[in-house]
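Quick notes on the structure that follows.
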Amino acid sequence: MHDRVLSGEPLVRSNRLAARYPGASVPAISSITFAVEAGQRVALLGPNGGGKSTLFRAITGELAPSSGELELGVGHPALVPQSERSRLDYPVSALDVALMGSVSRLPWWRRPSRADRALARESLRRVGLEDETNTTFGELSGGQRQRVLVARALVQDSPLLLLDEPFAGIDAPSAELLAALFDQLAAEGRGLLMATHDIEQARSWDLVLCCNRVQIAFGDPAQVLTREVIERTYGSSLVPLPGDESLAITPPHHHDHFEADR
Amino acid sequence: MFDPFALPFFQRGIVEILLLASVSGLLGVWIVLRGLAFYAHAVGTAAVPGLVLADGLGFSAIFGAFGAALVMAALIALLLRRRSVGGDSATAIVLAGALALGVILASDVFGSQGSVDRLLFGSLLAIGTPELVLAAVAALAAAAATAILGPRWLAAGFTDRNGNSDSLLIALIALAAVAALAAVGALLATAILVVPAATTRLIIKRLPAWQLTTAALAAAEGVIGMILAYQLNVPPGAAIAVLAGIVFALVAVAVLIHQRRPRLAPLALTLLGLSALAVAGCGSDDGGEASSSKITVAATTTQVGDLVREVGGDAVTVKQILTPNSEAHDYEPRPNDVGAVAASKIVFASGLGLDAWSTKLVKESGSEAEVVDLSSGLPVSHATGEGEAHADEKEGEEHGETDPHWWHDLTNLEAATTEVETALIAADPAAKDQITANADAYRAKIKKVDEQIRACLNKVPANERLIVTDHDAFVYFTERYGVTSKGAVFPSTSTQGQASAGEVAALEKLIREEKVKAIFPESSLNPALAERIASDTGASSDYTLYGDTLGAADSPEGTVLGAEAANAKAMVAGMTGGKERCTIES
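Residue numbers (our numbering), protein chains in the order written: chain A, 12 to 273; chain B, 1043 to 1628.
See below:
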């Protein structure tokens, strides 16, 4: 299936990366130095407007770095966008959406083949949607739609997955299924970079990258996620939960940054 | 009534609409899905400068239109690269620029005649081989592109809702818009390209099925629209557009009822079916023409129609194509017009570019009629702009073109009478005596009216016979009776042009200096600018002239002589501030 990458080889690596939108006077992100290796799960923490989506855009090549270095390993990274941003009025089934993943790796004159369709069905099975292949995308639940988008990334068969808040606003069964699937994908040797607001979840991943327009920290969550780093990452939007040592962040998720950037 | 499907022009129209229906099915869904409806409409409309260029430089109108559409598509694609400009804004900017360029080219570079309008209102009844080839090319290109790139277009639209940047899709839509433009005109192209896909979208939720249903619906609407147009004698493009609109509304209502009250759905479907039947049924048969031994001839304009009726009398049946108060410059044939031409032995044309569409109409109708161009043997002819003290006397502007409004000189009408007489006798020798008698009587009448008009205008001193008209249609009249035209509101013999601010200012200055008392709006044109200039200068604009067309069929101005008499009376009244009136018996 996909070109297995041996553990230890970086799938993406940046050195003092900065990126700026056309016409903007200041870069949206700067001083980003991190790497994702095969088999690693990396959490990307940061507030709304902190540059998480900008970093994804830089990695997918949609936005050119304004300074610093950005190196990609084999294959084009697969982006799993927030399901809230997908079009519900689109005339496609779950299978059609999953199949879109094959388009980006085929030359322009090739239509998806029988093998691509089989791969799309297999990917839908892996996200637990084998019974919904022919359901119209817009009629699925939020969690199911998120899983279809993950299936599309699986069809893309990329060694590096960029996950934009995949757990935002989805149901518990979908969340459990996806969490297990992400662990499995990492075990297969893929690298995962996940934007999230969930500090507790970030603690359970291999590495964490904290970013608030500039990089705050990158490393093992056990060492990196100190109260000081979290406060610098989230600024004053941090509130202590009563009777608990951990912290909550408001608001829990966002869906405005792409538009705000334009 | 004869079977429309047996007529070659009708068959070609059906083939054309079926080809366009497949384009509609293949591309309409992408237009709707990717939010390109405004672009699809604009790219056809923006063909204007291409049409003017083609007309002025004498190359194929279709190439002109497609070239302009491609340039527009490229400019929009370029603007879209800059993310700060939204898709609709980019389209609007380029559209406005294209239309402005078209107006400037038409008024100030070529002073072009009516062919631009004719292409903006294409006709399914005048489809020739170039139009069929263009539609077939569009259909094939759309099919090939959808087969190969369909999955890619689908994925792109799903990921980026503002992603209009598939340049091939943009170019294909331009091609489809130009193909539709030739068939139904720019203003109704949307009815074929967008409305069917928008209608089926309400019910169909999957892509290949959506495309197939759209093509089927567009084909059904096209064929039924053509048949309705034939039965009701309305232009087919308009019939198809109205039908498509009605079907969309009915489906939308049915879907709404189905969502609110699912149990009422069968009722809604029944209503839908019944109304469809009612629409189809109201096209009642208008009965056949009583067949007789009389020959049938066609006349293109109101003036020619009147002339041929006078000469032919009871011996001929005259089918007149243009109706009173409609402009000769922009005309879309109705099915009966084409049927009339097909059944005619002779088609009498006014000529000199005023009814250039008639040649094509005769060809596409499959008619074997002889075309008699009445302008070919006239004793008096004037070049466009001649005898005319234009406000800004452009440097010897020589068009070398002959002004087509020849009938305003009654000696020309007399000569044309003889030409009609000769042609009718050749076609029906048995009716020779009757036709000669009619022609003699009409010539005598022309002489009488001519003398009365001269006497009437002589009541005004020669140096006070000053007029300003709406467009330069009256040089034959003013030259014959010693009237001086001081200028025209529209700066050319055509109604295509627009006056510039400088021209209007110069004209107003001239009106004040020369003490012109009246500006004469024309019956078939929008009088707004004439009225504006009149109120600026204190001149009157109360008297209407009959320039391009005649008055209503039953009115005194419904005949050429009646209209000329009315023009003379209006001029005298206008030039003397209403003090002098005269009566003319026609």
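All C-beta atoms in this analysis are idealised placements derived from N, C-alpha and C, irrespective of residue type, glycine included.
Got a sec? Which residues, its chain only, sit under 8 Å from residue i by beta carbon, not counting five neighbours each side?
| i | result |
| --- | --- |
| B:Gly1287 | Ala1233 and Val1237 |
| A:Asp107 | Phe148 |
For a contact defined as C-beta to C-beta under 8 Å, what are the partners of residue i on chain B?
| i | result |
| --- | --- |
| A:Tyr245 | Within 8 Å Cβ-Cβ: nothing; A:Tyr245 doesn't reach chain B, min ~30 Å. |
| A:Thr71 | In chain order: nothing, as chain B lies at least about 11 Å away. |
| A:Ser97 | Phe1200 |
| A:Ser78 | Those within 8 Å of A:Ser78 in chain B number zero; the least Cβ separation is about 22 Å. |
| A:Ser104 | Arg1248 |
| A:Val108 | Phe1200 |
Considering only their Cβ atoms, is the gap separating residue j from residue i smaller than 8 Å?
| i | j | result |
| --- | --- | --- |
| A:Leu188 | A:Pro88 | no |
| B:Leu1095 | B:Leu1137 | no |
| B:Ala1560 | B:Ala1547 | no |
| A:Ser185 | A:Gly154 | yes |
| B:Ala1216 | B:Ala1115 | yes |
| A:Cys221 | A:Lys63 | no |
| A:Arg156 | A:Ser97 | yes |
| B:Ala1181 | B:Ser1102 | no |
| B:Val1090 | B:Leu1141 | yes |
| B:Phe1290 | B:Thr1241 | yes |
| B:Val1414 | B:Leu1452 | no |
| B:Glu1406 | B:Gly1077 | no |
| A:Val166 | A:Ala197 | no |
| B:Ala1530 | B:Val1558 | no |
Excluding the 5 residues preceding and the 5 following residue i in the sequence, name in chain order all residues of the same chain whose CB lies nearer than 6 Å to its CB.
| i | result |
| --- | --- |
| A:Asn145 | Ser104 |
Would you kindly work out how many angstroms separate the C-alpha atoms of residue i and residue j, rounded to a whole number?
| i | j | result |
| --- | --- | --- |
| B:Leu1306 | B:Leu1214 | 41 Å |
| B:Ala1479 | B:Thr1459 | 12 Å |
| A:Ile181 | A:Glu95 | 10 Å |
| B:Ala1385 | B:Gly1098 | 34 Å |
| B:Ala1576 | B:Glu1555 | 14 Å |
| B:Leu1229 | B:Gly1593 | 28 Å |
| B:Ala993 | B:Leu1416 | Absent from the model: residue 993 of chain B. The displayed extent of chain B is 1043 to 1628, so no value can be given. |
| B:Gln1155 | B:Asp1445 | With a pLDDT of only 49 at B:Gln1155, under the threshold of 50, the placement of this residue in the model should not be trusted; the figure read from the coordinates follows. One C-alpha to the other measures close to 11 Å. |
| A:Phe269 | A:Gly112 | Caution is warranted here: a pLDDT of 42 is assigned to A:Phe269, below 50, making its placement in the model unreliable, and no coordinate value can be reported. |
| A:Thr207 | A:Leu117 | 31 Å |
| A:Leu192 | B:Leu1244 | 37 Å |
| B:Ala1177 | B:Leu1311 | 34 Å |
| B:Glu1456 | B:Leu1466 | 16 Å |
| B:Ala1079 | B:Gln1301 | 26 Å |
| B:Asp1596 | B:Leu1298 | 49 Å |
| B:Thr1601 | B:Ile1388 | 21 Å |
| B:His1450 | B:Ala1543 | 30 Å |
| B:Ala1110 | B:Gln1253 | 28 Å |
Closest by CA to residue i, which one among the options?
| i | options | result |
| --- | --- | --- |
| B:Phe1516 | B:Thr1426, B:Ala1391, B:Ile1553 and B:Leu1229 | B:Thr1426 |
| A:Gly57 | A:Glu176, A:Leu130 and A:Leu160 | A:Glu176 |
| A:Glu143 | A:Val159, A:Ile70, A:Leu110 and A:Ala69 | A:Val159 |
| B:Val1179 | B:Ala1219, B:Gly1355, B:Gly1192 and B:Arg1376 | B:Ala1219 |
| A:Ala233 | A:Gln226, A:Glu211, A:Tyr245 and A:Val225 | A:Glu211 |
| B:Glu1058 | B:Pro1563, B:Gly1279 and B:Val1525 | B:Gly1279 |
| B:Asp1475 | B:Phe1080, B:Pro1446 and B:Gly1355 | B:Gly1355 |
| B:Thr1087 | B:Gly1192, B:Ala1184, B:Ala1221 and B:Ser1066 | B:Ala1221 |
| B:Ser1209 | B:Ile1495, B:Ala1119, B:Ala1398 and B:Ser1066 | B:Ala1119 |
| B:Ala1659 | B:Trp1195, B:Ala1398, B:Val1360 and B:Ala1239 | Outside the displayed span of chain B (1043 to 1628) sits residue 1659 of chain B, for which this structure offers no information. |
| B:Ala1185 | B:Leu1049, B:Val1085 and B:Leu1062 | B:Leu1062 |
| A:Phe45 | A:Ser36, A:Leu28, A:Pro33 and A:Ala35 | A:Leu28 |
| B:Glu1263 | B:Ala1168, B:Thr1344, B:Gly1067 and B:Ala1111 | B:Gly1067 |
| B:Ala1615 | B:Lys1501, B:Ala1411 and B:Ile1553 | B:Lys1501 |
Is residue i near the ligand SAM - that is, is its Cβ less than 7 Å away from at least one heavy atom of it?
| i | result |
| --- | --- |
| B:Lys1611 | Among the ligands in the structure shown, none appear at all, so the ligand SAM cannot be discussed. |
Chain B partners of residue i, CB-CB under 7 Å?
| i | result |
| --- | --- |
| A:Thr144 | Residues of chain B passing the Cβ test: none, with the nearest at roughly 13 Å. |
| A:Thr147 | Lys1247 |
Given that residue i touches chain A, what residues does it touch there, using C-beta distances under 8 Å?
| i | result |
| --- | --- |
| B:Ala1197 | Met111, Val114 and Ser115 |
| B:Gly1399 | The question names Gly, but residue 1399 of chain B is Trp in the sequence shown. Within 8 Å Cβ-Cβ: nothing; B:Trp1399 doesn't reach chain A, min ~42 Å. |
| B:Trp1252 | Pro102 |
Strictly below 9 Å CB to CB, what residues from chain B border residue i?
| i | result |
| --- | --- |
| A:Trp216 | Neighbours of A:Trp216 on chain B: none; closest Cβ ~26 Å, over 9 Å. |
| A:Pro123 | Pro1193 |
Please return the same chain residues whose Cβ sits closer than 7 Å to the Cβ of residue i, not counting the five positions on each side in sequence.
| i | result |
| --- | --- |
| B:Gly1267 | Pro1278, Ala1281, Ile1282 and Leu1285 |
| A:Arg128 | Leu110 |
Taking C-beta pairs closer than 9 Å, name the residues in chain A that residue i reaches, listed in chain order.
| i | result |
| --- | --- |
| B:Ile1190 | Trp119, Trp120, Arg121 and Arg122 |
Since residue i meets chain A, which of its residues come closer than 7 Å, beta carbon to beta carbon?
| i | result |
| --- | --- |
| B:Trp1072 | Under the 7 Å cutoff, chain A gives no residues; its nearest Cβ is about 11 Å from B:Trp1072. |
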